[in-house]
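Numbering (my numbering), first residue to last: 61 to 262.
Down below is the structure, laid out as structure tokens.
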Amino acid sequence: MSESNITKRAIADVFKRLMAKKSFEKITIADITSACGLNRQTFYYHFQDKYELLNWIFYNDVISILADNADEVTFDNWSDKVLEMLIVIKNDAKFYMNALNTEYGNEFRNYLFCISKEIFNEVIDRISKGYFIDDADKKFLSEFYSCGISGGIIRWITTGMKESPESIVQHTKNLVNDSKAIAVSRYLQEQKKDKNENVSKK
């Protein structure tokens, strides 16, 4: 890890500890630098303001688990990646609960939605293999599931994370697997219908 990233991590860790005790709005740059033992100039060298710091934490602690290896996230391992992400959030529960209550919490929501959409594009591709789904339907389905999954995770965070990360991921896997079963059944019925229509025409 570079020296710059070590300093950023130190600032981020102090900021998370402060946010476990105080609201985002009440934390000042002076609070952060005092707790870090750094001067304001050093803080501003690494971050423009506390909003950029919050965004850096969102991305580097959580979203990067999925985003940095997006090409490695597949239908078979996506739930492992989501579980890893939820465990990180759970370990800093007070920070994330407070962070999502800020206006800037929408940045985290947007990150989560976009990453979820990418994952479900992959899932839909795997489910529909051998069948044609036009781009408009694929877009609708991926956005529909992404809204549900990201919304469920946000609700889990803001309501106190009472369920375990494992339980949340299992609910999500059940939803995806049920959707896969429904999709396969639907396409088989359509194929059967087309076959019967062709026979009747003869």
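The beta carbon of each residue, even a glycine, is placed where N, CA and C say it ideally should be.
- Query: In or out: Gly-165 buried (at least 16 other Cβ within 10 Å) or exposed?
  - Reply: buried
- Please classify Asn-158: is it buried, with 16 or more other beta-carbons within 10 angstroms of its beta-carbon, or exposed? buried
- Message: Determine whether the beta carbon atoms of Ile-214 and Arg-169 lie at a separation below 9 Å.
- Response: yes
- Message: Just to confirm the assignment, what range does the alpha helix (DSSP H) spanning Asp-73 have?
- Response: 63-79
- What's the C-alpha gap between Asn-234 and Val-142? 14 Å
- Message: So for Ser-83, helix, strand or coil by DSSP?
- Response: coil
- Query: Three or more beta-carbon pairs under 8 Å between the stretch 114-124 and the stretch 68-75, yes or no?
  - Reply: yes
- Query: Alpha carbon to alpha carbon, what distance is there between Lys-81 and Asp-73?
  - Reply: 13 Å
- Item | Closest by C-alpha distance to Pro-225, when choosing among Tyr-156, Asp-195 and Lys-150 | Lys-150
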